[in-house]
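Novice: The following block contains the structure, expressed as structure tokens.
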Amino acid sequence: MLYLHVYYTAKESDDVKGFLREANEAGIVSKTREEKGCLQYEYFISTENDRELLLLEKWETAEDQKAHSMQEHFNLLGEIKNRYGFETRIEKIEK
3 MLYLHVYYTA KESDDVKGFL REANEAGIVS KTREEKGCLQ YEYFISTEND
53 RELLLLEKWE TAEDQKAHSM QEHFNLLGEI KNRYGFETRI EKIEK
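If you're matching positions, the sequence shown starts at 3 in my numbering and goes up one per residue.
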């Protein structure tokens with residue numbers, strides 16, 4: 003099992019809202035959830051800092067997550083993220 007906690011920090015709270023809107027309109031969340039081995043893929047906005055966003059990912063195997071990183075919608079997510087200038091930090095847990 004592979005867990006990823008991806009922490010996004012935006013310059014402005016409106017950037018978080020814009021990013022989530024674009025990601026949802028592009029179908030990134032739904033497409034990812036349909037991928038082989040995806041058990042969880044959810045975004046959460048911090049209740050203490052509206053410039054912070056957390057993505058929780060849970061994959062059956064590291065290979066499933068690696069295959070995810072080769073998908074077209076994964077690359078599109080990166081483009082959207084870069085447009086909003088997010089800083090990111092990733093915690094990786096394998097069990």
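By construction, the Cβ of each residue, glycine as well, lies at the ideal position given by its N, Cα and C atoms.
(1) Given that a residue counts as buried once 16 or more other Cβ atoms are within 10 Å of its Cβ, and exposed if not, what is Ile82?
(2) By alpha-carbon positions, which one of Arg23, Phe76 and Gly87 ends up nearest to Lys33?
(3) Run through DSSP, which three-state label would Glu89 get?
(4) Would you kindly report the start and end of the unbroken alpha helix (DSSP H) that includes Gln73?
(5) Use the C-beta contact count for Leu57: other C-beta atoms within 10 angstroms, 16 or more gives buried, fewer gives exposed.
(6) What separation, rounded to the nearest whole angstrom, lies between the Cα atoms of Tyr86 and His7?
Specialist: Inspection of the coordinates gives the following:
(1) Here Ile82 is buried, its C-beta having at least 16 other C-beta atoms within 10 Å.
(2) Ranking Arg23, Phe76 and Gly87 by Cα distance to Lys33 puts Phe76 first.
(3) The three-state reading of DSSP puts Glu89 in strand, counting E and B together.
(4) No residue range can be given for Gln73, since it is assigned to no alpha helix (DSSP H) and is classified by DSSP as neither H nor E.
(5) Looking at its Cβ environment, which holds 16 or more other Cβ atoms inside 10 Å, Leu57 is buried.
(6) Answer to the nearest angstrom: the Cα atoms are 19 Å apart.
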